[in-house]
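Since the structure comes first, as structure tokens, the remarks are kept for the end.
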Amino acid sequence: MADVLISTPSLESGSFMTVTSARQFDKLAVFEAHVLSYLRRVKEYHEFVFTDVPPSWGQAILRLIDEKIASRKSYNTTSRSLSIRVMPTEIQNCIQDWLLNHDVTREEQLLLHGIVGTTLEFKYGPYTGSTKEPDFFFRVNGHILPTLAVECGWSESGAPLLDGMNMLLVGGDGSIKVVIIVEWTRLQGGRVSGTVELFMRDRNGMPRLVQSETVFPPPATASSQRLGIRRCDLFGPAMLAGRDGNDVLYLDIEQLRDHAARNLGFMNLVPA
729 MADVLISTPS
739 LESGSFMTVT
749 SARQFDKLAV
759 FEAHVLSYLR
769 RVKEYHEFVF
779 TDVPPSWGQA
789 ILRLIDEKIA
799 SRKSYNTTSR
809 SLSIRVMPTE
819 IQNCIQDWLL
829 NHDVTREEQL
839 LLHGIVGTTL
849 EFKYGPYTGS
859 TKEPDFFFRV
869 NGHILPTLAV
879 ECGWSESGAP
889 LLDGMNMLLV
899 GGDGSIKVVI
909 IVEWTRLQGG
919 RVSGTVELFM
929 RDRNGMPRLV
939 QSETVFPPPA
949 TASSQRLGIR
959 RCDLFGPAML
969 AGRDGNDVLY
979 LDIEQLRDHA
989 ARNLGFMNLV
999 PA
């Protein structure tokens, strides 16, 4: 089966993703050499998606890359899809400053830990054996799975972002309460549009979109935009006694806009 190329490893202008089926490789060693060849040619942000990857091959590639190339990776045992993102952009990293502006007390801050690009392993349910490295997540004391995770995409990343969101919410088996997707898209003329979406599980344990906001271009309601997260969902089992779990903590979209505009400047780009 031939490669399905959305871009080439030489990274033609405006393309940031390459999709390849592993079915064309008859040996793991050949597949490993192919993956490393792609990754070593990257000079800027790129996402490689490999489909039809057997679980044993997926785990072997993850171990290999950990030893050789800095990246953010995931392997989905259900879809047999391996995703590798290298050289994240300035705009993808702006979410960290935004998320750390949360309205919590000093005592609560000691319970909450913001973590970037660390591997999560799923051991139960339909995603058993899968691994995921979210762009950012909050973990509370004494619990390995986060309560809130964030995925940040840069052009052409829509389907992998949704796959990652499903893995986190369903694979987390209720421990991961909230997943936020921030997606930036490069437009003509050096402009960038952006959206932010908040997902949670419904009563049947399936992901549902709770809220969606436009970041760029700013809408007429820009000054009042914010995402709401209940205190019980952020702190989960570590919530302090006496606190109202239904209290809503807000993430201001205008602050995200400010951080994003600054980081786009570092990339010689401007908000749409």
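Residue numbers (this note's numbering): 729 to 1000.
The beta-carbon is built from N, C-alpha and C at its ideal position, and this holds for glycine as well.
Option nearest residue i by Cα separation, candidates the options
| i | options | result |
| --- | --- | --- |
| Tyr-852 | Thr-942, Gly-899 and Glu-818 | Gly-899 |
| Arg-728 | Arg-813, Val-747, Gln-752 and Leu-897 | No answer is possible for residue 728: the residues shown for the chain start at 729 and end at 1000. |
| Asp-863 | Lys-796, Ser-951 and Gly-881 | Gly-881 |
| Leu-968 | Asp-831, Leu-955 and Glu-836 | Glu-836 |
| Asn-821 | Arg-958, Glu-911, Arg-931 and Gly-857 | Glu-911 |
| Leu-890 | Leu-873, Ser-883 and Ile-909 | Ile-909 |
| Ile-797 | Met-815, Arg-808, Trp-785 and Pro-783 | Met-815 |
| Ser-784 | Gly-973, Thr-846 and Ser-809 | Ser-809 |
| Arg-954 | Leu-839, Glu-941 and Asn-894 | Glu-941 |
| Asn-869 | Val-943, Leu-839 and Leu-997 | Leu-839 |
Beta-carbon proximity list for residue i, same chain, < 6 angstroms, skipping 5 on both sides
| i | result |
| --- | --- |
| Lys-905 | Thr-875 and Asp-961 |
| Val-844 | Phe-864 |
| Phe-753 | Phe-759 |
Pairwise C-alpha distance: residue j and residue i
| i | j | result |
| --- | --- | --- |
| Val-763 | Ile-823 | 29 angstroms |
| Asp-1025 | Leu-937 | Nothing can be reported for residue 1025: it is not among the residues displayed for the chain, which extend from 729 to 1000. |
| Leu-926 | Asp-986 | 19 angstroms |
| Glu-818 | Arg-990 | 9 angstroms |
| Pro-737 | Phe-744 | Annotation note: pLDDT 39 at Pro-737 (below 50); position unreliable, coordinate value reported separately. Rounded to whole angstroms, Pro-737 to Phe-744 spans 9 angstroms at the Cα level. |
| Lys-860 | Leu-848 | 5 angstroms |
| Phe-866 | Val-747 | 30 angstroms |
| Asp-980 | Ser-811 | 30 angstroms |
| Thr-706 | Phe-963 | Residue 706 lies beyond the range of the chain shown here (729 to 1000); nothing can be said about it. |
| Asp-901 | Met-895 | 10 angstroms |
| Tyr-978 | Arg-751 | 46 angstroms |
| Pro-782 | Gly-917 | 41 angstroms |
C-beta atoms of residue i and residue j nearer than 8 angstroms
| i | j | result |
| --- | --- | --- |
| Glu-775 | Pro-888 | yes |
| Pro-947 | Ala-1000 | no |
| Tyr-855 | Thr-923 | no |
| Val-920 | Arg-929 | no |
| Leu-992 | Trp-826 | no |
| Gly-892 | Glu-879 | yes |
| Leu-792 | Tyr-803 | no |
Simplified DSSP assignment, three categories, for residue i
| i | result |
| --- | --- |
| Leu-873 | coil |
| Phe-678 | Since the first and last residues shown for the chain are 729 and 1000, residue 678 lies out of range. |
| Thr-817 | coil |
| Phe-865 | strand |
| Leu-977 | strand |
| Val-878 | strand |
| Ile-957 | strand |
Close beta carbons around residue i, own chain, < 8 angstroms, minus the five adjacent residues each side
| i | result |
| --- | --- |
| Val-976 | Gly-956, Ile-957, Arg-958 and Arg-959 |
| Ala-788 | Leu-756 and Glu-760 |
| Val-732 | Because Val-732 carries a pLDDT of 37, less than 50, the predicted location of this residue cannot be relied on, and the following value inherits that uncertainty. Closer than 8 angstroms at Cβ, skipping near neighbours: Val-747, Thr-748 and Ser-749. |
Same chain only: Cβ atoms within 7 angstroms of residue i, ignoring 5 sequence neighbours per side
| i | result |
| --- | --- |
| Asp-831 | Leu-977 and Tyr-978 |
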